[in-house]
Each structure stands twice: as structure tokens, then as C-alpha cells.
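**Student:**
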Amino acid sequence: QLALARKLRAVDETDVAERVIEYHFLPDLIGNLRAFSRQETRCLDCGEKYRRMPLTGDCRECGGRVNLTVHEGSVNKYMDVALRVAEEYGCREYTKQRLNILERSLESVFENDKNKQGSISDFM
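The following block contains the structure:
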């Protein structure tokens, strides 16, 4: 769509980019983030579903491994593309800010807490 908008003089390419971001990328990213936060867990062996991860991490039915149903890659797959389109086509500042806020939300959900070593002075 965006390549075609660049070739046609009758079409405002910035407006097309805005609409693609507003009506395709943002709803998809927000919906995927919501789905990730409300996801179930599923046993890889027998397919048993749980609303919450069992404390043991194993399936209560067969003892198999329990895994998340929504993966990180499916949540933020459009984030880089959306940011690049917003910059490349000169979208409104409001749209860029929405994308940046959403990017920070994704980073806060998927940041690796295991690599964050804190000292006692961090809490004082």
C-alpha cells in the first residue's frame, strides 16, 4: 500500500501511512499484548489447559511440560515496522508518541529480570 501511495500523486502518502498504523498495526499490537497478558498455559504432551501455571511447572494430568500459549514474537512482530513507517513517512507526532508508549509497554512486559542484579543501595 505504501509503495503504491508513493507512486500516485493523487494520494497523500503520509495519510496512508497514518491509516495503516492507526487501523492495522496499533490494534494488532494492542490486541496481541492483551492476549499475552490473559493467556492460558497448555501441556505439551496431553494438551490440558490451565488458567494459571501450576506451581510445580508440570501438568497435573500426565506430568508433562507446561508452556505458554502466546509467544513474545507474535506480540511485538509489527513494532519495528510500525516505528520505521512512522519515521519514514513523517507521521503526526501523536502517532509516534502512541507507538513509543506501546514500545515501552512491550519492553516492560518482556524485560529480562534475571539479568538485573540490584544492590542493597538501590532500595535505600
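For the sequence shown, the residue numbers in the numbering used here are 12 to 135. Each residue gets a CB set at the ideal place from its N, CA and C atoms; glycine is no exception.
Determine the DSSP secondary structure at residue 52, reduced to helix, strand or coil.
**Tutor:** Reduced to three states, the DSSP call for residue 52 is strand.
**Student:** Kindly list the residues whose CB is nearer than 7 angstroms to the CB of residue 55, restricted to its own chain and excluding five residues on each side of it in sequence; keep chain order.
**Tutor:** Counting only residues of its own chain and dropping the five nearest sequence neighbours on each side, residue 55 has a CB closer than 7 angstroms to the CB of 75, 76 and 78.
**Student:** Name the residue from 73, 93 and 63 whose alpha carbon lies nearest to the alpha carbon of residue 112.
**Tutor:** Of the listed residues, the one whose Cα sits closest to residue 112 is 93.
**Student:** Looking only at DSSP bridge pairs, what is residue 79 linked to?
**Tutor:** 52
**Student:** With a threshold of 7 angstroms on Cβ separation, who are the neighbours of residue 29 within its own chain once the five nearest residues in sequence on each side are excluded?
**Tutor:** 102, 103 and 106
**Student:** On a CA-only basis, which of 25, 19 and 47 is nearest residue 121? Give me that one, please.
**Tutor:** The residue with the shortest Cα to Cα distance from residue 121 is 47.
**Student:** Pick out whichever of 118, 110, 68 and 130 has its Cα sitting closest to the Cα of residue 38.
**Tutor:** 110
**Student:** Out of 114, 123 and 98, which has the shortest C-alpha to C-alpha gap to residue 24?
**Tutor:** Nearest option by C-alpha distance: 98.
**Student:** Judging by CA-CA distance, which residue of 119, 85, 100 and 132 is the nearest neighbour of residue 22?
**Tutor:** 100
**Student:** Short of 6 angstroms in beta carbon distance, which residues of its chain neighbour residue 87, apart from the five on each side in sequence? Order them along the chain.
**Tutor:** 117
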